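Quick note: the sequence shown uses our numbering, first residue 119, plus one each step. Using N, Cα and C, we set each Cβ at its ideal position, and we do this for glycine too. Model, not experiment: these values are computed from the prediction.
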Amino acid sequence: MTTSRPDCGIQVLLFTDLGCRVGPDGAFTRIRYYCTEAFRELIDQTGADLRERVGIAGSGVIACGLAVAAAEHGQVLLWARSDDSAERARARVIKTCSKLDGFDPAHVQIVTDLDDLAQATFLVEAVVEHHGSKSAVLSDLGELARHAGAGAVLATTTSSLSITELAQASGHPESFVGLHPFNPVPKMKLVELAFPPAASDETRARARKLCEDLGKTPVEVPDIPGFVVNRLLFPYLFSAVELMSDTGLSPEDVDSCMTLGAGMPMGPIALLDYVGLDVSQAIGESIGVPVPERLVALVKQGSLGRKSGAGFYRYD
């Protein structure tokens, strides 16, 4: 008698030599193990082939990270504004792929003509976290989708801006989704999905399916500033900066307390540098959390964290 897990859909039959035995009639039989849980874990790790042709507008950390994550499962288009931006994006994609198994940078086609994204069925805006910049790119992508007539879904990777407002800028609120992955995108499992009220059932289903095909866990969140993660995270991060200013503690001291004492995988000061101090400032302003003066001063002098070589820490 065998049992199956109805929520898995597929059973994996695993034979092992240790499971062989001689039955009473002298015939060999094999002990069978149904590895539904192991198979589920494998699917979670590898995802599936993409049903969508993904086109990404942007060449920064999140754009390239998303391109690499999608490239494991199919061909991806990545648009950069200039040849210089394209070269930086290509180098970033190659570097990221070199750290991961099974990720082929050749699956990421980098283009500098936005019209090339007309081939895509799922268009993702991933430019700088600025309302005007995102709205302009989304407007262009909306026009592209309208002329292509392929029924593309339009998405934004914003971590703090209004999805409803950006959906209006795209001209296609019924086909729009806020798709917020986390850095480093190839490794982080969560994607926050936020939909405008006009989003169709098909758009919602396709967005969730894309995340699942990428091996991610989609969680639908309300269209509020910061969604869930940033709304809870940044007050904590900024309070760590204020604590340093009030007490004279070093970044190393604060981070050691939170990693060794609270079990955090990364300290709050190191995490701010990793996210980018300019991005952190923009998120804080968007969600209405006071941004520490010390952080603002670093941004003004161009010390943006890891990506600039210096922030609260210095990086070689």
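State yes or no: is the C-beta of L168 within less than 9 Å of the C-beta of G192? yes
Since I425 and V242 should fall inside the 8 Å C-beta cutoff, what is the C-beta to C-beta distance between them, to a whole number of angstroms? This sequence places Lys at residue 425; Ile is not what is there. In fact, because the Cβ distance is near 20 Å, the residues do not count as touching under 8 Å.
Compute the beta-carbon to beta-carbon distance between G429 and D391, rounded to the nearest angstrom, for a pair I have assumed lies under 8 Å. 4 Å
Where Y433 and G183 are concerned, what is the direct C-alpha to C-alpha distance, given to the nearest angstrom? 21 Å
Alpha helix (DSSP H) segment containing H77, residue limits: Since the first and last residues shown for the chain are 119 and 434, residue 77 lies out of range.
Just confirm the distance between the C-beta atoms of V341 and S280, as a whole number of angstroms; I'd bet it's less than 8 Å. The residue asked about is misnamed: residue 341 is Asp in this sequence, not Val. D341 to S280, Cβ: 7 Å. Contact.
Look at E338 and A238 and say whether their C-beta atoms are less than 9 Å apart. no
For E247, which residues of its own chain have a beta-carbon under 6 Å away from its beta-carbon, when the five flanking residues on both sides are left out? V397, A400
Using 8 Å as the cut-off, can you tell me whether the stretch 283-301 makes contact with the stretch 260-274, which would need three or more C-beta pairs spanning the two stretches below that distance? yes
Can you tell me the Cα-Cα spacing of G406 and E360, whole angstroms? 16 Å
According to DSSP, is F352 part of a helix, a strand, or is it coil? helix
Confirm, please, whether the CB-CB distance from T276 to K307 is below 9 Å. no
Exposure of V190, with buried meaning 16 or more beta-carbon neighbours within 10 Å: Per the sequence presented here, residue 190 reads as Glu, with Val not at that position. Looking at its Cβ environment, which holds 16 or more other Cβ atoms inside 10 Å, E190 is buried.
Consult DSSP for G333 and reduce its assignment to one of helix, strand or coil. coil
Does F146 pass the burial test, meaning 16 or more other C-beta atoms within 10 Å, or should it be called exposed? Residue confidence is low: F146 scores 37 on pLDDT, short of 50, so the model does not pin down where it sits. Its coordinate-derived value is still stated next. Exposed.
So, at 8 Å on beta carbons, what are the nonlocal neighbours of A204 in its own chain, with the 5 sequence-adjacent residues on each side left out? S177, A198, I228, V229, T230
Can you have a look at D373 and say buried or exposed, based on whether 16 or more other CB atoms are within 10 angstroms of its CB? buried
DSSP on P223, reduced to helix/strand/coil? helix
How big is the Cα-Cα spacing for K327 and H225? 20 Å
Alpha helix (DSSP H) containing A187: first to last residue? 179-189
If we call anything under 9 Å between Cβ atoms a contact, is T274 one with L311? no
Span separating the alpha-carbon of L232 from that of P299: 22 Å
Sheet register partners of I174 (DSSP bridge): L196, V242
Less than 8 Å between the CB atoms is what I'm expecting for P369 and M362, so what's the real figure, rounded? 7 Å
Mind checking whether P386 and Y431 have CB atoms under 9 Å apart? no
In the DSSP output, which residue or residues are listed as bridge partners for E310? H298, V337
Opening and closing residue of the beta strand (DSSP E) in which V271 lies: 271-274
For A285, three-class secondary structure by DSSP: helix
For A400, name the three-state secondary structure that DSSP assigns. helix
Using the beta-carbon count (16 or more within 10 Å), is S200 buried or exposed? exposed
For S288, count neighbouring C-beta atoms within 10 Å of its own C-beta (all shown protein chains included) and say buried if the count is 16 or more, exposed if not. buried
Between P304 and V186, which are expected to be in contact by the criterion C-beta below 8 Å, what is the C-beta distance as a whole number of angstroms? 5 Å
Status (buried if at least 16 other CB within 10 Å, exposed otherwise) for P315: exposed
Using the DSSP secondary-structure output, state which residues sit across from I228 in a beta bridge. L196
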